[in-house]
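A.B. asks: Just passing along the structure, written as structure tokens.
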Amino acid sequence: MNADSVAGLGEGLHIGIVGAGSPMPDRDRGNPCVAVIAGGKVWLVDAGEGAGETLSRMEIEPGRVQGVLMTHFHSDHIGGLGNVALFHWVAGRTPASRPMPVIGPEGVERVVDGFNAAYAQDFVYRSAHHGETIAPLSGAGMEARPYKPPEGDQELVVLEEDGLKVTAFRVDHTPVDPAVGYRFDYQGRSAVISGDTSYVPIMEQVSDGADLLVHEALSRELLQLVEDAAGAAGRETRRQIMADIVDYHASPQEAAEVAQRAGVKGLVLTHIVPPLPVKALEAPFLEGCHERYGGPIWLARDGDLFSLPAGETKIVKSRMIPRRPGA
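Each residue of the sequence shown is one higher than the one before, starting from 3 at the first, in the numbering used here.
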């Protein structure tokens, strides 16, 4: 990869959708990952399977990635950490001199230790093959930076550097615990990323006056059709899984209500469940959302970019990957 898409971005806060899907296969939406770009530096929120490859397609230079902020430790949110760390180490314009930071609630140490153990032999092979100048062992792998997640309606600043402030807050993804979301503030612009959650009142608190709310969304009505089809086909395990996941995700309509009450300027729906393989499914997925929220609503796709220019109030949507014909 020779291009560097971040170099052409103006001042302000930029939100790149790396993975807008879920564990369910979706040709337009990969496993969850969001790139938050501020001052030419990139922080990822989660790193699902395929995140490294999609970052390459988005032409985000690996050397710009400062680290990953984890919302929780479901497989679809951590599956791409190994490759992202590998790209961070050796795929940038200069090799990394220290492991990639992974910031997350308590438990992140076990995730990082597991990936580092799985890749330990690979680190040695690559350094021996390419040499310390290209692949210094000091830069291999990841470094866990755990924090105690805030309780109730409390908020916790987990990162503050170069004008970027990142605030964590607890969400409800029971039985997954801990689970958090993040608010990003930079140059007078702000974005909130919900992580996986059912409706929680704190979302309105932390999103108050934010420019952009990136909120997960599950359509109970469409998922019911998937559940019914699985039952009719005799696939009881799949039917039960579809029934189980409804109670720990928010609906598009609930996300719209949060956006309206919080007064955000724009709503991006991500972690789309179920997949929407044809455009005709978008209207039923969003049914009732525009009646609940008066601002713009976007159904995220991998490669979407939402720019919040400094000193302005507008949201500029563009693409970092050409859209698939018919998508």
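We treat Cβ as the ideally placed atom computed from N, Cα and C, and that holds for glycine.
(1) Mind pulling the beta strand (DSSP E) runs of 3 or more residues that sit fully within the segment 107–159?
(2) What does the alpha-carbon distance come out to for the pair K167 and L227?
(3) Contact check, A257 vs H292 under 8 Å by CB: the rounded distance?
(4) Can you name, in chain order, every residue of its own chain whose Cβ lies under 6 Å from the Cβ of V318, other than the five neighbours on each side?
(5) L11 and Q189: beta carbons closer than 8 Å?
(6) At a cut of 8 Å, does the segment 89–97 reach the segment 58–66 through at least three beta carbon pairs?
(7) DSSP three-state label for A96, please.
(8) Taking a contact to mean a Cβ-Cβ separation below 8 Å, would you say R241 touches E229 in this structure?
(9) Quick one: Cα of E108 to Cα of Y121, how far?
(10) Is G268 closer than 8 Å to L307 when the C-beta atoms are compared?
(11) Considering only the alpha carbon of each residue, which of E259, V208 and V104 lies closest to G154?
(12) Quick one: residues in its chain with C-beta nearer than 6 Å to the C-beta of E51, no 5 flanking neighbours on either side, listed in chain order?
(13) Which same chain residues, not among the five before or five after P277, have their C-beta less than 6 Å away from its C-beta?
(14) Starting from P254 and walking both ways along the beta strand (DSSP E), at which residues does that stretch end?
(15) For K150, which residues in the same chain have their Cβ closer than 7 Å to its Cβ, ignoring the five residues on either side in sequence?
(16) Expressed to the nearest angstrom, what Euclidean distance is found between the alpha-carbon atoms of E13 and R294?
(17) DSSP three-state call for F75: helix, strand or coil?
(18) Since T239 is in the alpha helix (DSSP H), which residue starts that stretch and which ends it?
(19) Just to confirm my understanding: we take E284, look at its own chain, exclude 5 residues before and 5 after, and list those with CB closer than 7 Å. What are they?
(20) By Cβ distance, which residues of its chain are closer than 6 Å to V113, with the 5 residues on each side in sequence left out?
(21) Over what stretch of residues does the alpha helix (DSSP H) that includes E206 continue unbroken?
(22) Hey, quick one: how far does the alpha helix (DSSP H) through E218 stretch, first residue to last?
(23) Confirm, please, whether the CB-CB distance from E145 to V86 is below 8 Å.
(24) Could you give the first and the last residue of the continuous beta strand (DSSP E) run that contains R191?
(25) Residues in its own chain within less than 8 Å of P311 by CB, not counting five upstream and five downstream?
(26) I need the DSSP call for P311, collapsed to helix, strand or coil.
(27) Among the candidates A282, G305 and L161, whose CA atom is the shortest distance from the CA of I19?
(28) Under the assumption that S6 contacts E61 (Cβ atoms under 8 Å), give the Cβ distance between them as a whole number of angstroms.
(29) Which one or two residues does DSSP pair with T56 in a beta bridge?
(30) Could you tell me the alpha carbon to alpha carbon distance between F186 and A22, rounded to whole angstroms?
(31) Work out the CA separation of A234 and H131 for me, nearest whole Å.
(32) Just to confirm, are G42 and V70 a CB contact at a threshold of 8 Å?
(33) Taking only the alpha-carbon atoms, compute the straight-line gap between T315 and T199 and give it to the nearest angstrom.
(34) Sorted by chain position, which residues of the same chain lie with C-beta nearer than 7 Å to G290's C-beta, five sequence neighbours on each side aside?
(35) Between V270 and the rest of its own chain, which residues show a CB-CB distance below 6 Å, the 5 nearest in sequence each way excluded?
C.D. replies: Based on what the coordinates show:
(1) 144–149
(2) 42 Å
(3) With 8 Å as the limit, A257 and H292 do not qualify as a contact, their Cβ atoms being about 12 Å apart.
(4) S309
(5) no
(6) yes
(7) The sequence given here has Thr at residue 96, not Ala. The answer is coil: DSSP assigns T96 none of H, G, I, E or B.
(8) yes
(9) 22 Å
(10) no
(11) V208
(12) N33, G81 and G82
(13) M26 and D28
(14) Segment P254 to A264 is the alpha helix (DSSP H) holding P254; no beta strand (DSSP E) there.
(15) E108
(16) 32 Å
(17) coil
(18) E238 to D246
(19) L278 and L301
(20) F75 and I80
(21) I204 to S209
(22) Note, E218: premise wrong, no alpha helix (DSSP H); beta strand (DSSP E) at L214 to L220.
(23) no
(24) R191 to I195
(25) G12, E13, G14, R191 and V318
(26) strand
(27) G305
(28) For the record, residue 6 in the displayed sequence is Asp; it is not Ser. Yes, they are in contact, since the Cβ atoms of D6 and E61 sit about 7 Å apart, within 8 Å.
(29) Paired residues: none, contrary to the question.
(30) 19 Å
(31) 54 Å
(32) no
(33) 28 Å
(34) Q255
(35) V216, W300 and A302
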